[in-house]
Amino acid sequence: MSLLAEVTMAVLWVGLTAYVLFGGADFGGGVWDLFAGGTERGREQRTLVEHSIGPVWEANHVWLIFVIVVMWTGIPSVFAAVASTLYIPLTLVALGIIARGAAFAFRKASTEVWQQRLFGATFAFSSLVTPYFLGAVAGGIVSGRVPAGIAEGDLVSSWVNPTSAATGVLAVGVAAYLAAVYLTRDAQRQGDLALAETFRRRALGTGLVVGVLSLIGLLVLRADAPGLYAALTSGRALPLFVLSVVSGVVSLLLLWWRAYLAVRLTAALAVTGLLWGWAVGQYPYLLPGVRIDEAAATEAVLGATLVSLAVGAVLLIPSLWWLYASFQRGHSEESRGHGDPQ
Amino acid sequence: MVASELLAVAASPINLLAARMQMALSLGWHIIIACFGVGMPAITLLAEWKGYRTGDVSCQLLARRWAKAMGVLFAVGAVSGTILSFEMGLLWPGLMGTYGQVIGLPFTLEGIAFFIEAIFLGLYLYAWERLPPRQHMLTGIPIVIAGVASAFFVVTANAWMNQPTGFELEQGRVVGVDPWAAMFNPATPPQTVHMILAAFMVAGFGMASVYAAAMLRGRRDRYHRLGFLIPFTVAAVITPVQIGVGDWAAHFVASNQPVKLAAMEGVFATERGVPLHIGGIVVDGEVRYALEIPYALSLLAHWNVNAEIVGLNEVPPSEWPPVNITHWAFQIMVAAGFALLALGVWMLWVWKRRRDIPGTRWFLRAAVLAGPAAVVALEAGWTTTEVGRQPWVVYGLLRTAEAVNPAPGLIYGFLLVAAVYVVLTVATVYVLRRIARSKPVPTAPQERDVTDYPVV
Chain D
1 MSLLAEVTMA
11 VLWVGLTAYV
21 LFGGADFGGG
31 VWDLFAGGTE
41 RGREQRTLVE
51 HSIGPVWEAN
61 HVWLIFVIVV
71 MWTGIPSVFA
81 AVASTLYIPL
91 TLVALGIIAR
101 GAAFAFRKAS
111 TEVWQQRLFG
121 ATFAFSSLVT
131 PYFLGAVAGG
141 IVSGRVPAGI
151 AEGDLVSSWV
161 NPTSAATGVL
171 AVGVAAYLAA
181 VYLTRDAQRQ
191 GDLALAETFR
201 RRALGTGLVV
211 GVLSLIGLLV
221 LRADAPGLYA
231 ALTSGRALPL
241 FVLSVVSGVV
251 SLLLLWWRAY
261 LAVRLTAALA
271 VTGLLWGWAV
281 GQYPYLLPGV
291 RIDEAAATEA
301 VLGATLVSLA
311 VGAVLLIPSL
321 WWLYASFQRG
331 HSEESRGHGD
341 PQ
Chain U
1 MVASELLAVA
11 ASPINLLAAR
21 MQMALSLGWH
31 IIIACFGVGM
41 PAITLLAEWK
51 GYRTGDVSCQ
61 LLARRWAKAM
71 GVLFAVGAVS
81 GTILSFEMGL
91 LWPGLMGTYG
101 QVIGLPFTLE
111 GIAFFIEAIF
121 LGLYLYAWER
131 LPPRQHMLTG
141 IPIVIAGVAS
151 AFFVVTANAW
161 MNQPTGFELE
171 QGRVVGVDPW
181 AAMFNPATPP
191 QTVHMILAAF
201 MVAGFGMASV
211 YAAAMLRGRR
221 DRYHRLGFLI
231 PFTVAAVITP
241 VQIGVGDWAA
251 HFVASNQPVK
261 LAAMEGVFAT
271 ERGVPLHIGG
281 IVVDGEVRYA
291 LEIPYALSLL
301 AHWNVNAEIV
311 GLNEVPPSEW
321 PPVNITHWAF
331 QIMVAAGFAL
341 LALGVWMLWV
351 WKRRRDIPGT
361 RWFLRAAVLA
371 GPAAVVALEA
381 GWTTTEVGRQ
391 PWVVYGLLRT
401 AEAVNPAPGL
411 IYGFLLVAAV
421 YVVLTVATVY
431 VLRRIARSKP
441 VPTAPQERDV
451 TDYPVV
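Those sequence lines, one after another, are chains D and U.
The first sequence begins at 1 in the UniProt record's numbering and counts up by one.
The second sequence begins at 1 in the UniProt record's numbering and counts up by one.
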């Protein structure tokens, strides 16, 4: 086993986790935008959604690009196999991402109601369908329907199958749940307790639904992907699965007690447990019969990529820190600016 | 390799065509937006700096509007760029499966640059009224650097496709990769410099076009004049430099990709003292109806009137790029470049005599066309390098037909993508027009609050 390959896979999975947690909530925000109600009634909720995802949605794209690029650099043949067999749902994901990002940007720049409605509907609809297809892609891989080689898998049944249906619906549910949890705290911080209460109810409701969906998903796995099922329920992935279930239950309790900040952590843990449970359950296989060390790029490539990412982090972390610090300081210096005579 | 030959057979012509069209559409679209992302930050900072130094309100308002337009373009560029990273695998798994690891490094670095750009653009937009002006301008500098760096990294990957180095092949498997050598391949210097300058020209002439159009409609106040002058000057100064760099790039192609040069110039037989063809159509292996300048191609390509130019006859016809497309794309690029040079000289001439923008309607009409002309030059240049490399996706090593996804039905994906891009284009143009005109200036997508922004 090559250590660099393992580290690269771990880094890839950290990126995927970040995408699911932040990008997921971002998609979920769009889902709540869809269910916010009519133009007038839903305005408050939509403003909160816009407020919360506005500064972060572009950074969330970076996580997705990161995952894709590390895939083709680190495990090129696996990337080619996944992309070519699952090109239909992945094309739909790509279209959803275009529609969603562009519509969000355009809605913000629009002032007339009909335009805001049009762009808003596009944004919200694509927020609902895109995570479904992403989840379906994961389901295709999980259930071993993506073989090695280019376009070797079935173009339709690789993503239209029981596991993909379960993971797709679960992905939408997780996105909506994470968003509701994050938005509850955001509304509370704004001092809008009624709105916080609305999202609390939604978080509780979707939390229960996601719990039920996970159980159904587990039964589907037993029938459709017995290897992963065994790893999750009795194998080495069991601790992570338990972590996920316990965090999920604790999250519901915390929501009940209105501990909105703490529930952010446990909700994220519940989702992280599922993701890493999947990774550990499948390890060391990436695709049926394809082990990490067989698929990994050469050591020189993995080394250069990891070093670049480390150097990149050294540049990025202080930049991000400066961004947040300036935002804080900015509020107290509101009056200073370009317009002032200096 | 047997497997890749099987794939080439499996990939029907319509599939290959659909994949190439989809890539051409989404990359050709993204490249325009990306050019604004590279060039606009510097031009905006220039206006902001001028506004800060002189207290000129027009400069300040221009910088503010441009910053917002940058925000919208950056958002659209982010999504259209994300799609491209998908398409690398969806459309070209044969390329990525084998060579993904060789060209992965520059994309990783580009991702980091993009992240930095996103962070500082957020800061720059958010902090407009919140940071002292000098500090605010400092937050713009990383945007400029990261934008240029992004262009550099991405183009190194394309340069590698023209000059694949930094790895060894053993029975079709890539071994012994040196990702840094792949990134700094021989084609990297001319291609990256040419592309980065092109980005500044597209952004500069594109921005100037908008104000030239307004001036043509009679709005000749200081705001519109400056809105024209600042970006136009930047682009006009770069144009002659770009023509020099273009010559360097063409020399590189002449020495390293002679078949591409032969297609660009319509040279079918290897000869000495080869004439330059201007215009013309290739029919049955010769260029017809062209203006011929004797010895000129030998002179231009190798600085010697008797230099030998390699003709297409050196390789079998199955390895010829589509000659007419390559020939015309190259000529259109050169023609647009010289037209833009002439426009800059016209402006300089009048400015030297009268310290003013040429007032004639003809100049303004030409200036309105300068933006589209720069985009045409960009697309034509890109077509030259991409179509001229065919049938290879990795020059001399991997055919495009072997790289394409053999799964059936790519044509439907292309049609869907095309429909989405039509809508995206209409919406982008509409929103940018609003940003150019509306008061108050609309909110950029990265800005947190609508109400927090009392705009100039």
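C-beta: ideal position from N, C-alpha, C; glycine also.
Margin query: I need the DSSP call for I31/U, collapsed to helix, strand or coil.
Written below: DSSP places I31/U within a helical segment (H, G or I) once states are collapsed to three.
Next item on the list: Entirely within the stretch 323-400 of chain U and at least 3 residues each: give me those beta strand (DSSP E) ranges in chain order.
Entry: Whole beta strand (DSSP E) segments, 3+ residues: 392-394.
Notebook entry, point to check: With respect to the alpha helix (DSSP H) encompassing E286/U, which residues constitute its N-terminal and C-terminal limits?
Noted result: Per DSSP, E286/U is not a residue of any alpha helix (DSSP H); the beta strand (DSSP E) it occupies stretches across 286-288.
Note to self: DSSP three-state label for I278/U, please.
What the structure shows: Judged by DSSP in its simplified three-state form, I278/U adopts strand.
Check: Using a Cβ-Cβ cut-off of 7 angstroms (strictly less than) and excluding sequence neighbours within five positions of W63/D, which residues of its own chain qualify?
Finding: Within the same chain, W63/D has close Cβ partners G15, A18, Y19, F22, G23.
Checklist line | Nearest-angstrom Cα separation, counted from R236/D out to W276/D | finding: Rounded to whole angstroms, W276/D and R236/D show a C-alpha spacing of 11 angstroms.
Notebook entry, point to check: Span of the alpha helix (DSSP H) holding R117/D?
Noted result: 113-142 is the span of the alpha helix (DSSP H), which, as asked, contains R117/D.
Checklist line | Cβ-based burial, Q45/D [other Cβ within 10 Å; buried from 16] | finding: Label assigned to Q45/D: buried.
Next item on the list: Might you give, ordered along the chain, the residues of its own chain that have their beta carbon closer than 6 angstroms to the beta carbon of A180/D, omitting 5 neighbours on each side?
Entry: Cβ neighbours of A180/D within its own chain (closer than 6 angstroms, five residues either side excluded): F199, R202, A203, T206.
Check: Quick one, are the C-beta atoms of G208/U and C35/U less than 8 angstroms apart?
Finding: Before going further, note that residue 208/U is Ala rather than Gly in the sequence given. It is not a contact, given that the beta carbons lie outside the stated cut-off.
Check: Do the stretch 375-393 of chain U and the stretch 189-198 of chain U meet, that is, are 3 or more Cβ pairs less than 8 angstroms apart?
Finding: The stretch 189-198 of chain U and the stretch 375-393 of chain U touch, with three or more beta-carbon pairs separated by less than 8 angstroms.
Note to self: If contacts are defined as beta-carbon pairs under 8 angstroms, then R296/D and G74/D qualify, I think. What distance do you get, rounded to the angstrom?
What the structure shows: The question names Arg, but residue 296/D is Ala in the sequence shown. Indeed they touch by this definition, with Cβ atoms about 6 angstroms apart.
Notebook entry, point to check: Under 8 angstroms, do L90/D and V137/D count as touching if we go by C-beta distance?
Noted result: Contact flag set, yes.
Notebook entry, point to check: In terms of residues, what are the limits of the beta strand (DSSP E) holding I293/U?
Noted result: Segment 291-293, the beta strand (DSSP E) holding I293/U.
Checklist line | Partners in chain U for L316/D, counting only beta-carbon separations shorter than 9 angstroms | finding: Those are I112, F115, I116, I119, listed as they occur along chain U.
Checklist line | Assigned exposure category for W321/D - 16 Cβ within 10 Å defines buried | finding: Its Cβ having fewer than 16 others within 10 Å, W321/D is exposed.
Item checked: chain U contact residues for G101/D, given Cβ-Cβ distances below 7 angstroms -> Ordered by position in chain U, the residues that pass the 7 angstroms Cβ test against G101/D are A75, A78, V79.
Notebook entry, point to check: Can you name the residues that DSSP bridges to residue 458/U?
Noted result: Outside the displayed range of chain U (1 to 456) lies residue 458/U, so it cannot be described from this structure.
Notebook entry, point to check: Excluding five sequence neighbours on each side, which residues of the same chain lie with their C-beta closer than 7 angstroms to the C-beta of G149/D?
Noted result: Contacts found: A81.
Next item on the list: Could you please tell me which residues of the stretch 162-181 of chain U, in chain order, have their CB closer than 8 angstroms to any CB of chain D?
Entry: Within the stretch 162-181 of chain U, the residues whose Cβ lies closer than 8 angstroms to some Cβ of chain D are V174, V175, G176, V177, D178, P179, W180, listed in chain order.
Note to self: Taking the alpha-carbon of Q22/U as reference, which of I83/U, V345/U, Y295/U has the nearest alpha-carbon?
What the structure shows: The shortest C-alpha separation from Q22/U is found at I83/U.
Item checked: Minimum C-alpha distance to A212/U - residue among F232/U, A199/U, M201/U -> For A212/U, the nearest C-alpha among the options comes from F232/U.
Notebook entry, point to check: For the alpha helix (DSSP H) that L61/U lies in, which residues bound it at each end?
Noted result: Looking at the DSSP string, the run of the alpha helix (DSSP H) that includes L61/U is 57-91.
Check: If you measure from the beta carbon of L6/U to each beta carbon in chain D, is any gap under 8 angstroms?
Finding: Reliability of the predicted coordinates at L6/U is poor, the pLDDT of 48 falling under 50, and the value obtained from them is presented with this limitation in mind. No, L6/U does not count as interfacial toward chain D.
Margin query: Under 7 angstroms, CB to CB, which of the residues in the stretch 123-137 of chain D have a partner in chain U?
Written below: Taking 7 angstroms as the Cβ-Cβ cut-off against chain U, none of the residues of the stretch 123-137 of chain D qualify.
Next item on the list: Look at the alpha carbon of A8/U and the alpha carbon of R389/U, and state the distance between them as a whole number of angstroms.
Entry: Summary for A8/U: the model assigns pLDDT 49, below 50, so the residue's position carries little reliability; its value from the coordinates is reported in the next sentence. Going from the Cα of A8/U to the Cα of R389/U covers about 18 angstroms.
Margin query: For the stretch 187-197 of chain D against the stretch 229-249 of chain D, do three or more pairs of beta-carbon atoms, one drawn from each stretch, fall closer than 8 angstroms, so that the two count as touching?
Written below: Between the stretch 187-197 of chain D and the stretch 229-249 of chain D, the count of Cβ pairs shorter than 8 angstroms is below three; the stretches do not touch.
Check: Are M70/U and M40/U closer than 8 angstroms when you measure CB to CB?
Finding: In this structure, M70/U sits near M40/U, with a CB-CB distance shorter than 8 angstroms.
Margin query: Between the alpha carbons of residue 486/U and A250/U, how many angstroms are there, rounded?
Written below: Any property of residue 486/U remains undetermined from this structure, which presents chain U solely from 1 to 456.
Checklist line | Partners in chain D for A407/U, counting only beta-carbon separations shorter than 8 angstroms | finding: Taking a Cβ-Cβ threshold of 8 angstroms, the residues of chain D close to A407/U are S84, T85, Y87, A151, L155, in chain order.
Margin query: Relative to the C-alpha of G211/D, which candidate in A270/D, N60/D, V156/D, A25/D has its C-alpha closest?
Written below: Comparing Cα positions, the closest option is A270/D.
Notebook entry, point to check: Alpha carbon to alpha carbon, what distance is there between V267/U and S318/U?
Noted result: Looking at the two C-alpha atoms, the distance is approximately 16 angstroms.
Margin query: If we define contact as Cβ-Cβ less than 8 angstroms, is L229/U a contact residue for chain D?
Written below: The beta carbon of L229/U does not come within 8 angstroms of any beta carbon belonging to chain D, so the residue lies off that interface.
Next item on the list: Determine contact between the stretch 261-278 of chain U and the stretch 306-322 of chain U, defined as no fewer than three beta-carbon pairs at a distance below 8 angstroms.
Entry: Enough Cβ pairs lie closer than 8 angstroms, so yes.
Checklist line | Endpoints, the alpha helix (DSSP H) within which R283/D is located | finding: Per the sequence shown, the amino acid found at residue 283/D is Tyr instead of Arg. No alpha helix (DSSP H) contains Y283/D, which DSSP labels as neither H nor E.
Next item on the list: With distances taken Cα to Cα, identify the nearest neighbour of S127/D among F66/D, G28/D, R107/D.
Entry: When each option's Cα is compared against that of S127/D, the closest is G28/D.
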